[in-house]
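Numbering (our numbering), first residue to last: 648 to 943. Heads up: the structure comes next, in structure tokens.
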């Protein structure tokens, strides 16, 4: 947060109104915490049993895009290089890598991951993979080659240019990439419609996750949880998958809901089954003054 208060000034190198060495140093240093985050994410996946379902594919796409945007950001932190690249398509490409592609890939990773919990239905893995491949190719085909346009001196915010400028080839490639990127939404739309038209068949924990929200039904009831499972660690749903009688040291074969059926006494009821829990709350509130009045 301390670095972020000054790193923005690298956008003003060419104005002559900032101290170049100071703001260049802070812009270079911002790569250190950024690198820590990247290695943190890689370390989280390292040695794990990865399933390359759409959520993981889009998460990896986010990571690759974020690293690409970070590398070009380090390049722009150099005042000498920034004087040449400022207000060119190199900056446009960098901005879309950092602020556009990373957000889009992370957003779709979240949509594919949380869709079964929200709707009780799965999105097709095959259509999701097609969506990912088209979006990955389309995005990088569009914005990767804009770096070359910026290197060659094409200014940003320019809608036309002369053939003699030499910008036609990479603009043509970027235009094809944008068509592919736009077309990638088609399989996603088909996937959503197909999923919503199918009956809800997803269990509580389709991803074999660890955290508590995957112990409730998909979709959850209005009040989120009917029962509270036994919590022994920071990953209670993982513990439920490995439960064996009263211990979690041996491998079991029951899922979270099977564990509840075997060990009902361990699951605490949190809310009476009711289609309108909020209405019950209003009734209790309304009856409260009357009860107090009777006591008085």
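Note that the Cβ used here is the ideal one computed from N, Cα and C, for glycine as well.
Exposed or buried, residue 727, counting other C-beta atoms within 10 Å across all chains shown (16 or more means buried)? Burial call: exposed.
Residues that residue 735 bridges to, as DSSP identifies them: Paired residue(s): 802.
Which residues in the same chain as residue 752 place their Cβ atom closer than 7 Å to its Cβ, once the five residues preceding and following it in sequence are excluded? 705, 708, 709, 712.
Residues near residue 800 in its chain [Cβ-Cβ closer than 7 Å; skip 5 each side]: Closer than 7 Å at Cβ, skipping near neighbours: 735.
Between the C-alpha atoms of residue 768 and residue 840, what's the straight-line distance to the nearest angstrom? A direct Cα-to-Cα measurement between residue 768 and residue 840 gives close to 11 Å.
Give a yes or no on contact between the region 785 to 793 and the region 815 to 831, applying the rule of three or more CB pairs nearer than 8 Å. Enough Cβ pairs lie closer than 8 Å, so yes.
DSSP has residue 704 in a bridge; who is on the other side? Paired residues: none, contrary to the question.
At least three beta-carbon pairs within less than 8 Å, the region 668 to 686 to the region 715 to 731: With three or more CB-CB distances shorter than 8 Å, the region 668 to 686 counts as touching the region 715 to 731.
Can you name, in chain order, every residue of its own chain whose Cβ lies under 7 Å from the Cβ of residue 857, other than the five neighbours on each side? Only 882, 884, 885 meet the Cβ criterion.
Put residue 870 into one of helix, strand or coil per three-state DSSP. Note: residue 870 maps to coil in three-state DSSP.
Going by C-alpha to C-alpha distance, which of 811, 833, 745 sits closest to residue 779? Out of 811, 833, 745, 833 has the C-alpha closest to the C-alpha of residue 779.
Looking at residue 724: is its Cβ nearer than 7 Å to the Cβ of residue 771? Between residue 724 and residue 771, the gap from beta carbon to beta carbon reaches 7 Å or more.
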